[in-house]
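Worksheet: one structure, shown below.
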Amino acid sequence: MEPELDASRPAPVSLLALDSAQAAARFAELGLKPFHAKIARKEVLERGVTDYAQMTALPAAARARLSEELPILSGVELDRAVAHDRTTKLLLSFPGGARPATVETVHIPPRELASGRGATLCVSSQVGCPVACPFCASGRAGLVRNLEPHEIVEQYVRGRAIGMLSRSVVMGIGEPLLNFANLSAALDVVHDEMGLGSRKVTVSTVGFPDRLRRIAPHKPRFQLAISLHTPDQEQRDVLVPAMAGVPIEDVLAAGDDWFEQTGREITYEYVLLANENDTFGHAERLAQRLARRRCTVNLIPFNPVDDSGYGRPTEFAVQRFHATLVERGLIATVRWSRGVESDAACGQLRIRRQA
Ligand code: SF4
Numbered sequence: 427m428e429p430e431l432d433a434s435r436p437a438p439v440s441l442l443a444l445d446s447a448q449a450a451a452r453f454a455e456l457g458l459k460p461f462h463a464k465i466a467r468k469e470v471l472e473r474g475v476t477d478y479a480q481m482t483a484l485p486a487a488a489r490a491r492l493s494e495e496l497p498i499l500s501g502v503e504l505d506r507a508v509a510h511d512r513t514t515k516l517l518l519s520f521p522g523g524a525r526p527a528t529v530e531t532v533h534i535p536p537r538e539l540a541s542g543r544g545a546t547l548c549v550s551s552q553v554g555c556p557v558a559c560p561f562c563a564s565g566r567a568g569l570v571r572n573l574e575p576h577e578i579v580e581q582y583v584r585g586r587a588i589g590m591l592s593r594s595v596v597m598g599i600g601e602p603l604l605n606f607a608n609l610s611a612a613l614d615v616v617h618d619e620m621g622l623g624s625r626k627v628t629v630s631t632v633g634f635p636d637r638l639r640r641i642a643p644h645k646p647r648f649q650l651a652i653s654l655h656t657p658d659q660e661q662r663d664v665l666v667p668a669m670a671g672v673p674i675e676d677v678l679a680a681g682d683d684w685f686e687q688t689g690r691e692i693t694y695e696y697v698l699l700a701n702e703n704d705t706f707g708h709a710e711r712l713a714q715r716l717a718r719r720r721c722t723v724n725l726i727p728f729n730p731v732d733d734s735g736y737g738r739p740t741e742f743a744v745q746r747f748h749a750t751l752v753e754r755g756l757i758a759t760v761r762w763s764r765g766v767e768s769d770a771a772c773g774q775l776r777i778r779r780q781a
């Protein structure tokens with residue numbers, strides 16, 4: 427593991443925190459050419475190289491100088507958990523702020539190694555989360571701070587360093603629409619310089635209607651997922667506290683507007699919690715809510731979090747829920763979490779470290 431950050435010392439500016447022009451200027455200050463900056467940025471963003479020593483296209487003396495003067499990354503890896511299926515969860519710490527800024531990033535390789543596909547990277551957008559869903563480890567301590575664009579990009583670089591990436595979901599810690607300017611700046615880099623196309627990036631939100639309506643006309647370069655978790659207003663007010671009082675109809679109407687404006691279908695995420703929202707009645711009411719909408723429902727059987735009070739649904743309940751939606755004409759998928767044995771549930775590694 428890398429050494430922990432020393433909070434008493436100001437963090438040096440990192441290469442990733444500089445845009446192309448700023449990087450060229452900094453390289454010039456260090457006696458290097460602008461094209462050296464271009465090479466370094468390409469190595470980092472396209473190949474996930476995080477050590478100048480490996481950048482053999484740079485002169486050896488420049489590599490040594492850069493290693494001393496301009497760190498590539500600003501965060502450190504505090505912990506790493508690798509599951510039997512090679513799902514790798516990183517616990518990262520970033521400098522700045524009074525409280526520790528730790529987030530999780532998960533690298534999920536394809537099930538079939540021979541498929542030739544790259545991994546899916548699950549990325550965090552904030553340190554902590556203000557939405558405070560009671561079943562989620564990440565929401566427990568509330569929001570610490572927003573992640574900076576380069577801190578979001580750094581998660582992609584660290585993921586790329588583990589292995590090739592084919593897809594990404596902004597579904598880790600945080601509510602992306604509450605840090606949208608920074609996320610958007612980061613995704614520009616991810617699309618333009620790391621080569622992940624807009625259909626390969628999914629942003630998952632609890633669905634603030636006003637924000638969705640403000641963003642949609644700009645034709646954002648990502649797929650949208652809205653976490654619904656229940657068809658019942660009273661229960662959503664409890665399961666998604668930051669949305670208490672926001673009518674589910676408004677969220678769905680904003681989703682319809684999004685589809686109209688962007689031409690991209692929405693995925694509705696639904697965490698199945700044992701005996702809470704996994705009944706036949708819930709499935710029927712959800713199907714009624716989503717009837718005649720062009721969308722996909724992604725069912726996520728809950729991954730138990732210590733003392734959250736919520737449990738994993740039975741396989742029977744999951745299959746019944748799925749079949750009920752499909753029989754009523756909806757497209758539905760089930761996503762079983764991978765790497766359960768290595769704290770795969772969102773926020774568990776972070777909580778374990780803080781305990
Ligand atoms: S489930 Fe998502 S929105 Fe809810 S608290 Fe956790 S990170 Fe935030």
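Residue numbers (my numbering): 427 to 781.
C-beta: ideal position from N, C-alpha, C; glycine also.
In or out: residue i buried (at least 16 other Cβ within 10 Å) or exposed?
i    : result
P602 : buried
T482 : exposed
K515 : buried
P643 : exposed
N701 : exposed
E574 : buried
R718 : exposed
R586 : buried
Q581 : buried
A607 : exposed
Q448 : exposed
Q780 : Residue placement at Q780 cannot be trusted, given a pLDDT of 49 that sits under 50; the coordinates are not used to answer.
A770 : Per-residue confidence for A770 stands at a pLDDT of 44, beneath the threshold of 50, marking its modelled position as unreliable; the derived number appears in the next sentence. Buried, since its Cβ has 16 or more Cβ neighbours within 10 Å.
Whose CA, out of the options, lies closest to the CA of residue i?
i    : options                   : result
G598 : G554, E580 and S550       : S550
R761 : L725, R746 and R754       : L725
V752 : G735, F742 and V723       : V723
E695 : T546, C721 and G671       : C721
F634 : K626, A679, V595 and E619 : A679
E503 : G671, G544, V529 and L699 : V529
A567 : I692, E577, V579 and V553 : V553
S630 : F461, D618 and S653       : S653
V744 : V672, A709, D683 and L756 : A709
E577 : V627, S500, V615 and R537 : S500
C562 : L622, L698, H748 and F706 : L698
P560 : R662, L484, A450 and A447 : R662
C555 : P667, E675, T705 and Q581 : P667
G544 : R625, A507 and R593       : R593
R738 : F728, F747 and N605       : F728
A509 : I534, A488 and D733       : I534
Q659 : H748, I674 and Q649       : I674
P497 : V439, S564 and R537       : V439
R625 : V616, H617 and F648       : F648
T628 : G689, G621, R640 and L613 : L613
V616 : G755, G600, L471 and F747 : L471
E495 : R452, G689 and G600       : R452
Please report the distance separating the alpha-carbon of residue i from that of residue j.
i    : j    : result
A758 : M590 : 28 Å
L539 : D511 : 10 Å
L799 : A443 : Because the chain in this structure spans residues 427 to 781, residue 799 falls outside the shown range and cannot be described.
I588 : T476 : 11 Å
R467 : G681 : 37 Å
V557 : L441 : 32 Å
E619 : A463 : 14 Å
V766 : Y736 : Its pLDDT being 46, under 50, V766 is placed unreliably by the model, and the measurement read from it follows with that caveat. Their backbone Cα atoms lie some 16 Å apart in a straight line.
P730 : S493 : 42 Å
R571 : D505 : 20 Å
V583 : L518 : 12 Å
V677 : V632 : 9 Å
A713 : G707 : 10 Å
A486 : L458 : 12 Å
A490 : A479 : 7 Å
P646 : T546 : 20 Å
T513 : S763 : 10 Å
L609 : R637 : 14 Å
E691 : A651 : 9 Å
A454 : G523 : 31 Å
P536 : V595 : 14 Å
V664 : A670 : 7 Å
T656 : T705 : 11 Å
D683 : A749 : 28 Å
R525 : G755 : 48 Å
Kindly identify the DSSP beta-bridge partner or partners of residue i.
i    : result
V377 : Missing from the structure shown is residue 377; the chain here goes from 427 to 781 and no further.
E741 : BP columns for E741 are empty, so no partner.
V672 : Paired residues: none, contrary to the question.
L547 : H533 and S594
A758 : V723
A527 : F520
G554 : L569
V439 : In DSSP, V439 forms no bridge with anything.
V470 : DSSP output for V470 lists no bridge partner at all.
Using a beta-carbon distance below 7 Å, is residue i in contact with chain C?
i    : result
D505 : Protein chains in the displayed structure number just one, and chain C is not present.
Please give me, in chain order, every unbroken run of the alpha helix (DSSP H) with length at least 4 that falls completely inside the region 573–614. Counting whole runs of 4 or more residues, the region 573–614 contains the alpha helix (DSSP H) stretches 575–588.
Complete beta strand (DSSP E) runs within the region 625–682 (minimum length 3 residues, chain order): 627–631 and 649–653
Considering only residues of the region 690–716, which uninterrupted beta strand (DSSP E) runs meet the minimum length of 3 residues and lie entirely inside it, listed in chain order? 692–698
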